[in-house]
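Student: According to numbering that gives the first Met the number 0, the stretch in the sequence shown is residues 0 to 80, in order.
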Amino acid sequence: MTVSVRLFAAARASAGVGEVQADPGALGTILRALESDYPSLAEVLPRCSYLVDGVAVHGDPDEIAVGDGLELDVLPPFAGG
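1. Out of Val4, Val16, Val2, Ala12, point me to the one whose CA is closest to Val43's CA.
2. Which residue's Cα is closest to the Cα of Ser3: Ala9, Ala10, Asp22?
3. Residue range of the beta strand (DSSP E) that Arg46 falls in?
4. Do you know how far the Cα of Cys47 is from the Cα of Val16?
5. Am I right that Leu69 and Val56 are in contact with their C-beta atoms under 8 Å? What's the rounded C-beta distance?
6. In chain order, what residues of the same chain have a beta carbon less than 8 Å from the beta carbon of Asp67, not counting five sequence neighbours either side?
Right, dumping it as structure tokens:
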């Protein structure tokens, strides 16, 4: 199986796509793969927040597991009101 990675706002604009598939594993590994496939994301990802199956995750990305069939949402900072 795979992880569905949904990109929003600036992340979507940088990558040019709204959703991609990734191999399950550590969040850090997934983020590095995204940067490899979409180099323009390297500027956006460090400022993003992440949800795994709708739950905000914090801490060392290499210690956060994203399993088979889960969704990873990549949320850049939002502004406005």
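Positions of the beta carbon are idealized from the N, C-alpha and C atoms, including for glycine. Bear in mind that the values here come from a model prediction, so they are computed numbers and not experimental data.
Tutor: In short, the structure shows the following:
1. Looking up residue 43 in the sequence shown gives position 44. Among Val4, Val16, Val2, Ala12, the Cα nearest to that of Val43 belongs to Ala12.
2. Numbered from its first residue, the sequence shown carries residue 3 at position 4. Selection Ala9, Ala10, Asp22 evaluated against Ser3 yields Asp22 as nearest (Cα-Cα).
3. Stepping through the sequence shown from its first residue, residue 46 is reached at position 47. Neither: Arg46 is in no beta strand (DSSP E) and is coded neither H nor E.
4. Position 17 of the sequence shown holds residue 16. Position 48 of the sequence shown holds residue 47. Just so you know, the alpha carbons of Val16 and Cys47 end up roughly 16 Å apart.
5. Walking along the sequence shown from the start, residue 69 turns up at place 70. Walking along the sequence shown from the start, residue 56 turns up at place 57. Leu69 to Val56, Cβ: 11 Å. No contact.
6. On the sequence shown, position 68 is the one that residue 67 refers to. So the qualifying residues of the chain are Met0, Thr1, Val2, Pro23.
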